[in-house]
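**Student:** One structure follows; several queries about it will come next.
Numbering (the UniProt record's numbering), first residue to last: 1 to 245.
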């Protein structure tokens, strides 16, 4: 809106200067307003270019910043999922979660169907199929975090001395069934600090499906049973491409 007002103001000023030139200035002085009009045209061109490029550059820079933050959130998410597989709950103990990755073992199981004889009484014996799950070994949790900087996963990239907020809770999924939940998040404002304030404000109010909605970049939820993040699919496509390579 401010850019439009400036353009309208510049056009009106140009018309006014042209009117003054024709109406009042002698021929030998008309070069002065011509120079002023040229300078005004250059300035107006700069405003238009800046107005167009500022949001474009902002969007490019924010994606780079958000990608680094999301990379750490994905490590936190995967660590919480493995912790849940072993313990049946999530944790907000950051040091404990790092230690878990370093030391914990995941059970390897095998499920198979067996047939057992069941006596129904009166001399009637039938075959009954049952599914049996056996533990066939163990593997280190650390295997799933190879080449990933899990030791620093709680640090917010690009935001000095700041860590992700980690919270845990519970949700009653159906009546009588309470399920553990977790959430890790950090404010967008800290990630984008130093960039255009008006564009940061717009970003915090984002609601489009191809944007990270709301004021935070987060994974998990305290209100829903999910381990997903609030970012759009485009932030996951690069990971998929890397895995294929």
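For every residue, glycine included, the Cβ atom is placed at its ideal position computed from N, Cα and C.
(1) Determine the extent of the beta strand (DSSP E) in which residue 133 is found, giving its start and end residues.
(2) Note the first and the last residue of the continuous beta strand (DSSP E) segment covering residue 151.
(3) Give the DSSP-derived three-state secondary structure of residue 107 in the structure shown.
(4) In this structure, how does DSSP classify residue 193 when only helix, strand and coil are distinguished?
(5) Does the beta-carbon distance from residue 157 to residue 82 come in below 9 angstroms?
(6) Out of 186, 124, 86, 38, which has the shortest C-alpha to C-alpha gap to residue 107?
(7) With C-beta atoms as the reference, is residue 116 less than 9 angstroms away from residue 181?
(8) For the putative contact between residue 109 and residue 135, defined by C-beta atoms under 8 angstroms, what is the C-beta separation to the nearest angstrom?
(9) Taking C-alpha atoms, which residue in 150, 179, 199 lies nearest to residue 95?
(10) Exposed or buried, what is residue 53 when buried is set at 16 or more other beta-carbons lying within 10 Å of its beta-carbon?
**Tutor:** Working from what's here:
(1) Position 133 of the chain shown, counting from 1, holds the residue named residue 133. Where residue 133 is concerned, the enclosing beta strand (DSSP E) starts and stops at 124–140.
(2) Locating residue 151 in the chain shown gives position 151, where the first residue counts as 1. From DSSP, residue 151 is part of no beta strand (DSSP E); its letter is neither H nor E.
(3) For the purposes of this step, residue 107 is taken as the residue at position 107 of the chain shown. The answer is strand: DSSP assigns residue 107 an E or B state.
(4) Here residue 193 refers to the residue found at position 193 of the chain shown. Coil, per DSSP.
(5) Numbered from 1 along the chain shown, position 157 holds the residue referred to as residue 157. Numbered from 1 along the chain shown, position 82 holds the residue referred to as residue 82. Not a contact, by the Cβ cut-off of 9 angstroms.
(6) Taking the first residue of the chain shown as 1, we reach residue 107 at position 107. Residue 107 has its Cα closest to that of 86, out of 186, 124, 86, 38.
(7) Within the chain shown, the letter at position 116 stands for residue 116. Within the chain shown, the letter at position 181 stands for residue 181. The answer is no: Cβ separation not under 9 angstroms.
(8) If you number the chain shown from 1, residue 109 lands on position 109. If you number the chain shown from 1, residue 135 lands on position 135. Yes, they are in contact, since the Cβ atoms of residue 109 and residue 135 sit about 6 angstroms apart, within 8 angstroms.
(9) The count along the chain shown starts at 1 and reaches residue 95 at position 95. Nearest option by C-alpha distance: 150.
(10) The residue you call residue 53 lines up with position 53 of the chain shown. Flag for residue 53 reads exposed.
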